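Right, one structure below, let's go through it.
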Amino acid sequence: MSSVAGKTVVITGSSRGVGADTAKILAGEGANVVVNYRQKAPRANKVVKDITEAGGAAIAVQADMTDVESLRGLLQAGVDEFGGVDILILNASGGMESGMGEDYALRLNRDAQNDALTEGLKVLPEGGRVVFVTSHQAHFINDVETMPEYEAVAKSKRAGEDTLTARVPEMSERGVSFVVVSADMIEGTVTATLLNRARPGALEERRESAGKLYSVNEFAQEIAKMVSADVETGHVELVGGAEDFLAQAGK
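Each residue of the sequence shown is one higher than the one before, starting from -10 at the first, in the numbering used here.
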């Protein structure tokens, strides 16, 4: 793929954390960015403000990933504001939140990702790209055990990855490429914080096993690279601490 300059990127779950940093990085490279949030408008507006004050182009759009009409509106906002959508980064995920229902992890991490791809393919042009963001704990869950507190989320994330990967032929027919970017636990993210709260010492254990855990910005840099990286469709980019997962999986 060519540079992201002048292209429009929709990033789900980008009002904070990895998504927000990815938005700022890509905007800094000349992309138009649609910053998505579910509830916290002030956070998303702050990301947009940071981008525009730095000379970039961005808008904030509310959308609940688990609502198809909402997803459709998110993508249409990119079309209306910037004339089209070239790249869809599926960054939003969850499942450890309380009060969202027992099936929330699957609805968000599998079903909503599939719906987002369906809606995305309606607007993405030939040469477009979809990037799915995941974790090693999820990517390797079929071969490597994870913490019990995270198992349901990991399985739902892997189900989402498998569902999207199965649609690579469909994407290819439309000239759209697909890339997965996976990292170990990320310092400072909501998921890492919740896991460490549920299992004190979890972060330190992973830090020791991996040697180093990526910061939010370091992972965002890797995602931004894969937006325009010259890789085959279906490529899985493993970043930060994958060696012990590969060894345990016998790969």
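Just so it is clear, CB atoms sit at the ideal spot from N, CA and C, and this is done for glycine as well. On a predicted model such as this, the values are computed, not experimentally measured, just so you know.
Let's see if you can read the secondary structure: which residues bound the alpha helix (DSSP H) around F71? Position 82 of the sequence shown, counted from the first residue, corresponds to residue 71. F71 -> alpha helix (DSSP H) spans 57 to 71.
Do N21 and I212 have their C-beta atoms closer together than 9 angstroms? As a position in the sequence shown, residue 21 is number 32, starting the count at 1. As a position in the sequence shown, residue 212 is number 223, starting the count at 1. Against a cut-off of 9 angstroms, the Cβ pair of I212 and N21 comes out as no contact.
Would you kindly work out how many angstroms separate the C-alpha atoms of R188 and Y139, rounded to a whole number? One-based indexing of the sequence shown puts residue 188 at position 199. One-based indexing of the sequence shown puts residue 139 at position 150. Rounded to whole angstroms, R188 to Y139 spans 10 angstroms at the Cα level.
Decide if S166 is buried, meaning its Cβ has at least 16 other Cβ atoms within 10 Å, or exposed. The count along the sequence shown starts at 1 and reaches residue 166 at position 177. Buried, since its Cβ has 16 or more Cβ neighbours within 10 Å.
The region 11 to 21 contacting the region 40 to 49, beta-carbon criterion three pairs below 8 angstroms: yes
Which one or two residues does DSSP pair with N21 in a beta bridge? Within the sequence shown, residue 21 is the residue found at index 32, counting from 1. DSSP lists T(-3), A46 as partners of N21.
Under the rule that 16 or more other beta-carbon atoms within 10 Å means buried, what is D219, buried or exposed? Against the sequence shown, residue 219 aligns to sequence position 230. D219 comes out exposed.
Measuring CA to CA, which of S82, Q28, D104 is closest to A127? Position 138 of the sequence shown, counting from 1, holds the residue named residue 127. Comparing Cα positions, the closest option is S82.
Do you know how far the Cα of V24 is from the Cα of V36? As a first step, residue 36 is located in the sequence shown; it is residue number 47 there, counting from the start. As a first step, residue 24 is located in the sequence shown; it is residue number 35 there, counting from the start. Between V36 and V24, the C-alpha separation is close to 8 angstroms.
Y203 by DSSP, collapsed to three states: which one? One-based indexing of the sequence shown puts residue 203 at position 214. Residue state, collapsed to three classes: coil.
Quick one, which of M174, L235, V216, L183 has its alpha-carbon nearest V205's? Reading the sequence shown from its first residue, position 216 is the one you call residue 205. Nearest option by C-alpha distance: M174.
What distance in whole Å lies between the Cβ atoms of V168 and E226, which are believed to be in contact at a cut-off of 8 angstroms? Taking the first residue of the sequence shown as 1, we reach residue 226 at position 237. Taking the first residue of the sequence shown as 1, we reach residue 168 at position 179. So it is a contact: roughly 7 angstroms between Cβ atoms.
So F121 is in the beta strand (DSSP E); what residue range does that whole segment cover? Along the sequence shown, one-based indexing puts residue 121 at 132. Residues 118 to 124.
Quick one, are the C-beta atoms of A133 and A238 less than 9 angstroms apart? Taking the sequence shown and counting its residues from 1, the one referred to as residue 133 is at position 144. Taking the sequence shown and counting its residues from 1, the one referred to as residue 238 is at position 249. According to the sequence as given, residue 133 is Val; it is not Ala. Yes; because the gap between Cβ atoms is below 9 angstroms, this pair is in contact.
According to DSSP, simplified to helix, strand and coil, what is S217? For this step, residue 217 is matched to residue 228 along the sequence shown. Three-state DSSP puts S217 in a helix.
Same chain, Cβ closer than 8 angstroms to A148, neighbours up to 5 away in sequence not counted: Position 159 of the sequence shown, counted from the start, is the residue given in the question as residue 148. Taken in chain order, the residues that qualify are L95, N98, R99.
Quick check: the region 44 to 51 against the region 108 to 117, are there 3 or more CB pairs under 8 angstroms? no
Specify, as a first and last residue, the run of the alpha helix (DSSP H) that F234 falls within. If you number the sequence shown from 1, residue 234 lands on position 245. Its alpha helix (DSSP H) spans residues 232 to 237.
Under a Cβ-count criterion, where at least 16 other Cβ atoms within 10 Å of its own Cβ denotes burial, should A172 be classed as buried or exposed? To locate residue 172, count along the sequence shown from 1; it is residue 183. That one is buried.
Can you tell me the Cβ-Cβ gap for E91 and T123, rounded? I've got them flagged as a contact below 8 angstroms. Position 102 of the sequence shown, counted from the first residue, corresponds to residue 91. Position 134 of the sequence shown, counted from the first residue, corresponds to residue 123. That belief does not hold up - the Cβ atoms of E91 and T123 are roughly 22 angstroms apart, past 8 angstroms.
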